[in-house]
Amino acid sequence: MAGTSCCDRMVSQLQSTSKYYTGYPKDLGPSRIIPFTSERQFVQLLHEGRPVVAAFTIKCTYTQHLDKVLEEAAATFYPHITFVRVECPKYPGFCLTRQKTEYPFLEVFYNPEQVMIVYFTLHRLTHVATSLL
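With our numbering applied, the sequence shown closes on residue 1388, and no number is skipped along the way.
Take a look at the structure:
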């Protein structure tokens, strides 16, 4: 994987983990996923210079599975990639600005201007689009 970026490796890891996740508990230590508290905090994370994976979630079976996958990915890629969980029922305004109708979904921010949207299904993660904000 000499020519791939850290973000490409992270997406590959998420895809393989979610596809074959067995549910076997692993000792990952303390959670490396940062809970979303405000847009200001989120913008500060974007300006730290590391990619940010934002998981927009609601309570459902997909989210329970995604949480396990994200915890493992966050532990694997810490400190190179920052993981943030946005609980949409708590922060509906921020989630509505994303203009998505299917939950949960991920947005991978390479920098404050570029985002890659990834939809999560029970069987796999699907890269949907890379767009400029």
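By construction, the Cβ of each residue, glycine as well, lies at the ideal position given by its N, Cα and C atoms.
| Check | Outcome |
| --- | --- |
| Which whole runs of the beta strand (DSSP E) in the segment 1294 to 1377 are 3 residues long or more, in chain order? | 1307 to 1312, 1337 to 1342, 1360 to 1366 and 1369 to 1375 |
| Just reading off the beta strand (DSSP E) that S1290 is part of, what are its end residues? | The residue asked about is misnamed: residue 1290 is Pro in this sequence, not Ser. Segment I1288 to P1290, the beta strand (DSSP E) holding P1290. |
| Does the distance from the CB of T1352 to the CB of I1289 come in under 8 Å? | no |
| Under three-state DSSP, which class holds S1267? | helix |
| Return the CA-CA distance between P1334 and T1356, expressed in angstroms with no decimal places. | 31 Å |
| Using the Cα positions of G1299 and V1370, report the straight-line distance between them to the nearest angstrom. | The sequence shown places Gln at residue 1299, rather than the Gly named in the question. Those two C-alpha atoms are separated by around 16 Å. |
| Closest to S1267 by C-alpha separation, out of R1340, V1324, E1342 and Y1358, would be which residue? | V1324 |
| Do T1312 and R1340 have their C-beta atoms within less than 8 Å of each other? | yes |
| Excluding sequence positions up to five away, which residues of its chain have a Cβ less than 8 Å from the Cβ of A1384? | Confidence in A1384 is poor, its pLDDT being 40 and thus under 50, which makes the residue's placement too unreliable to answer from. |
| Look at L1321 and F1364 and say whether their C-beta atoms are less than 8 Å apart. | no |
| Any heavy atom of the ligand HEM within a distance shorter than 7 Å of the CB on T1316? | The ligand HEM is not part of the structure shown, which contains no ligands of any sort. |
| Under the rule that 16 or more other beta-carbon atoms within 10 Å means buried, what is T1316, buried or exposed? | exposed |
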